[in-house]
Amino acid sequence: MTRIMEYVLLFGTTLMQAGSAMNDLPTIIHDLSPDGPGSIVIEDPATSRTVGRVPDSSLEGWNEALAAASAAGPAWSARSSRERSDILHECVRVLLENRDDLARTITLEMGKPVAESQAEVDYAVDYIRWYAEEAVRPAGDYRADPKGGSAIITTRAPVGLALLIAPWNFPMAMATRKIAPALAAGCTAVVKPAELTPLTTYLVVRLMIRAGVPEDAVRVVTTTDPAAMSASMMADPRVRKVSFTGSTGVGAVLLGQAAPRIMRTSMELGGNAPLIVFDDADLERAVDGAFAAKMRNGGQSCVAANRILVQDGIADAFVDGLAERFDGMVLGHGLEEGTTLGPVIDARAVRRIGELVEDALDRGAVEVTAERDLPDEGHFVAPSLLDRVDTDARISSTEIFGPVAAVSRFSDPEQALAIANDTPHGLAAYVFTESLERAFDTAERLETGMVGINRGVISNVAAPFGGVKTSGIGREGSSEGIEEYQEIRYLNLDRRR
Ligand code: SIN
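Take 113 as the starting number for the sequence shown in the working numbering and just add one per residue.
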C-alpha cells in the first residue's frame, strides 16, 4: 500500500467513525508517523488526548523536501496558466467534498467549534478559488515609451521556490492563502505548518495532490526544531521567497536571514488592534461588531480587537451588551453540539492570559462577566470582559490571543486616536460611528493596514490582508497576493523607424 493510499484509508475510516459526543472521540485520527522519537505527537487542546502523529524531520528530511520541490519547479512553471487554474479549480471541488472531515480535523487539533472550522474550510477554499481565477489574469502589459522610439513590455515570472511558514490559529486558511497564490503564479513550495496543528496541512496537501497538483510541487515538512529548519532553508540558494505568518520576533529573525540573499519576503506579523466605539455609534451594531472582532476564533487571531476603546456616553450600555454576549457563550469541546467557545491552544496560553488578566485587575480593571466553572480537562479560559482597563496595563500592549476583552473608556476622540496609534504594531483597527465623516477621518488617521468600519470581520479573499509598522510587509489575498510570488520583468523593444 502506498503512503497516500494508507493515509486516505486512515482518514476515510478512523476519522469518519468519530462521533460528535466526547466519548466517541478517536484516539488517533491521523497517524502519519510511527510512535517513537522520530514523531511529533499532536494533542487535542480540549482533552490533551493524542489525535495524531507526524514526522519530526531533521536536516536530511528538510533537504529532501527542498530538493524535490525545487526539481518540480520547472515543469510546474512551464504549465500554461489555464492548466494551473484548472487544477486549482479541481482542488476546490475535492476539498469541499471533504469539508466535514477537514473541519473535524481542524477542531480536533486546534480546538475551535466545528461550525467555525467549517467556516474556515470555506474561507480557505475561497483562496484557492480566487487564485484559480487570478492565475489566468493578464500577467503583463504593453506601454508606449513617452518619448517614442521604443515599446515597453512587462511580464511576470514566478519568483521560484517558496518557503511557506504557517501558524496554528487558522491551520487551513493560512496554509491555502500561501499555497494557492504560489501555485497560481507558477512557483513550487515547501510548507511548514505549526508543530501544534500540522494535521490539517498534511490533509489539505494530500487532497490537492489527489486533485492533480504534482506530488512534489508542494511538500510539507514538520519538525520540533523550526528555528534550525528555517535557518537551513533560508540559507539555501534554491529558496527564493519566504512567506511567514506569526510573531513579530520570529518575523524579524527571518528578515535577517533573508537579507544576505536579498530574498523576497511576505510577513504577516503581530497585531494589537484597537476597536473604537464613538458615542454616536449604533449600539447593536457596535456590540455585534466588537463581539465578532474579539471572539472570532476564540480571540486567537492577529486581527482580534485587543484594545476596545469606548467613549463615555455609550460605554455603560456597550459594556452591558457585550458582557451579555460573553456570558451567553457555551464552553466545551468543539465537536460537542452547542459549543460556541473551545479551548485555547495550550497550557502556556492559559498561563499567559491569566497573567495579563491579573495585571489588569491589579491596576484597577473591573471584571464584568459572570464567573463560571471550566471543563475538568483541556486548556480552557473563561470568556471574560474587563472594563476600565488602564491603557498602561500589560494587556493593552500585548496580544491577548484569547477570549478576554479589555475595555478602556475615553472622553475626547483625539485621545482615542492617540491611544490607538500608540503601539509599534499596525495590522488592523475597527471604528464604530454613524458619522461618515468621522468614520473616514478616523480610518485615514489610524496607522494600520486594515480598518473595519462598523464591521468586526474584515478578513476577505478579495482584500489585501496585511499590516504596517511592525505588523509586516506585503499582502496576502486579492490580486496583490499573487504579485508576492511574481517577479516583474520588462522588455524594451526598439521601435525607431
Ligand atoms: C490571523 O492572521 O490571525 C487572521 C487571519 C484572517 O483573519 O484571515
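We treat Cβ as the ideally placed atom computed from N, Cα and C, and that holds for glycine.
Nearest to residue i (by Cα), restricted to the options the options
i      : options                        : result
Asp234 : Asn210, Met222, Glu245, Thr451 : Asn210
Pro455 : Ala340, Asp147, Thr159         : Thr159
Ala177 : Glu246, Ala190, Leu275, Ala247 : Leu275
Ser591 : Ala575, Glu599, Asp439, Arg205 : Ala575
Ala297 : Val389, Ile321, Leu308, Ile240 : Ile240
Phe513 : Gly476, Asp394, Arg419         : Arg419
Thr336 : Thr452, Ser523, Ile374, Val153 : Val153
Ala540 : Asp524, Leu548, Gly564         : Gly564
Gly433 : Ala364, Lys581, Ser413, Ala402 : Ala402
Glu195 : Arg484, Ile388, Pro326, Glu470 : Pro326
Gly164 : Leu171, Ser145, Glu172         : Ser145
Val248 : Leu200, Thr510, Pro167         : Leu200
Ile277 : Val166, Thr313, Lys259, Asp394 : Thr313
Ser182 : Asn281, Trp280, Asp253, Arg331 : Arg331
Pro186 : Asp253, Val271, Ala417         : Val271
Ala429 : Gln412, Asp400, Ser359, Asp257 : Asp400
Residues near residue i in its chain [Cβ-Cβ closer than 8 Å; skip 5 each side]
i      : result
Asn572 : Gly589
Val415 : Gly383, Ala385, Ala405, Leu539, Ala540, Met562, Ile570, Ser571
Tyr602 : Ile264, Ile265, Thr266, Thr267
Ala251 : Ser193, Thr267, Arg268, Gln598
Gly466 : Val493
Val478 : Leu498, Asp499, Arg500
C-alpha gap between residue i and residue j, whole angstroms
i      : j      : result
Leu447 : Ile457 : 15 Å
Ser189 : Leu311 : 28 Å
Pro138 : Asp213 : With a pLDDT of only 45 at Pro138, under the threshold of 50, the placement of this residue in the model should not be trusted, and no figure is reported.
Asn409 : Glu380 : 17 Å
Gly261 : Arg607 : 5 Å
Ala472 : Glu396 : 27 Å
Pro536 : Ala294 : 30 Å
Gly568 : Thr451 : 21 Å
Val501 : His445 : 30 Å
Val69  : Ala339 : Beyond the ends of the chain as shown, which are 113 and 609, falls residue 69; an answer cannot be given.
Ala180 : Asp348 : 14 Å
Ser378 : Lys353 : 8 Å
Pro225 : Thr309 : 15 Å
Met134 : Pro283 : Summary for Met134: the model assigns pLDDT 43, below 50, so the residue's position carries little reliability; its value from the coordinates is reported in the next sentence. Approximately 22 Å, taken between the alpha carbons.
Ala227 : Met407 : 14 Å
Asp391 : Arg557 : 19 Å
Ala306 : Val317 : 15 Å
Phe577 : Thr288 : 14 Å
Ala371 : Gly579 : 20 Å
Asp198 : Ile291 : 15 Å
Pro487 : Arg216 : 20 Å
Glu232 : Ala285 : 6 Å
Glu449 : Ser169 : 37 Å
Residue i, buried or exposed, once every other Cβ within 10 Å from all chains shown has been counted against 16
i      : result
Asp156 : buried
Gly361 : exposed
Val516 : buried
Arg437 : buried
Arg609 : exposed
Ile218 : buried
Ile374 : exposed
Lys304 : buried
Val237 : buried
Asp147 : exposed
Leu548 : exposed
Gln423 : buried
Gln527 : exposed
Ser413 : buried
Cβ-based neighbour list, residue i, same chain, cut-off 7 Å, excluding 5 preceding and 5 following
i      : result
Ala427 : Arg521
Ala482 : Asp439
Asn604 : Ser262, Ile264
Ile594 : Tyr243, Glu246, Pro293, Ala296, Ala297
Ala269 : Gln598, Glu599, Arg601
Ala435 : Val480, Thr481, Leu497
Ala532 : Pro386, Ile388, Leu421, Ala541, Leu558
Glu489 : Thr159, Ser160
Leu171 : Ser344
Own chain, CB closer than 6 Å to residue i, minus 5 neighbours either side, in chain order
i      : result
Val351 : Leu273, Leu275, Met345
Ala323 : Glu202, Cys203, Val206
Asn566 : Arg397, Phe544
Arg475 : Asp502, Ala505
Met341 : Trp174, Thr335
Ala329 : Ala184, Trp188, Thr300
Ser583 : Leu381, Gly383, His537, Gly538, Leu539
Phe123 : Bear in mind that the predicted position of Phe123 carries a pLDDT of just 47, short of 50, making it unreliable; the figure below should be weighed with that in mind. Excluding sequence neighbours, Phe123 sits near nothing in its chain.
Met320 : Cys203
beta-carbon residue i near ligand 3 non-hydrogen atom, thresh 7 Å
i      : result
Met441 : With respect to ligand 3, the structure shown offers nothing to examine, as its ligands consist of ligand 1.
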